[in-house]
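This report refers to the structure that appears directly beneath it.
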Amino acid sequence: MPLAPFHLAIPVFDLAAARRFYGELFGCAEGRSSAQWVDFDFFGHQLVIHQAPKMAQQEAAHSNPVDGHDVPVPHFGVVLAWDDWQRLAERLVARGTRFVIEPHVRFQGQVGEQATLFLLDPCGNALEFKAFRDIDQLFAK
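Position one of the sequence shown corresponds to residue 699 (our numbering), numbered consecutively onward.
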C-alpha cells in the first residue's frame, strides 16, 4: 500500500515562534494560514499549528524509558532515510539546538537499530526524528 501523507494538528501558545521554528529550522513550506493557525508541508505531510492556551503536557512532558533514555510522551516526527537523518542531525547540532535526547543510534546491533533524536518546539511539543539502517525493520519485533 502506498504511503499516504498524515494530517496532524498541534497546539501552540506562541504562533509566531512556532511558525519560525517549523519554517526556518526545518525549512517547511507554508500552506494556508489565518491569524490562529498555519499549515506546513512537514516532510510531505500536513502539519497544522493552532494557537491555543498552554497545556499541561507542554510545561512538563511525561516520559517513558526506552533504551536508557526518558522518551517524552506524547511526541511526533518523521522517519527519514539514514543519510537525510545524518544531515539533519548535523545541521541541528551546528545550530546549537537544545535536545531532549541527543542524536544517537539506539538498539545497536539489534533488530530495529535506529538513529534518533528528540527536541521540543518553542511551545513544548516533543518531536522525534529517526532513521533505520534497514527500513524493512520499521515494525520488526
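Think of the CB as a built atom: it goes at the ideal place given N, C-alpha and C, for glycine as much as any other residue.
Residue from P772, F738, G721, D781 with nearest C-alpha to L825: For the residues P772, F738, G721, D781, the minimum Cα distance to L825 belongs to P772.
Find the nearest neighbour of G822 within the set G742, H743, H760, judged by alpha-carbon distance. H760
In the DSSP assignment, find the unbroken alpha helix (DSSP H) run with V791 in it and report its ends. 780-792
Where A779 and S732 are concerned, what is the direct C-alpha to C-alpha distance, given to the nearest angstrom? 33 Å
Touching or not, the stretch 742-751 and the stretch 713-722, by the rule of three or more beta carbon pairs under 8 Å? Because the criterion of three Cβ pairs below 8 Å is met, the stretch 742-751 and the stretch 713-722 touch.
Compute the distance between the beta-carbons of E800 and R831, then report whether it is under 7 Å. no
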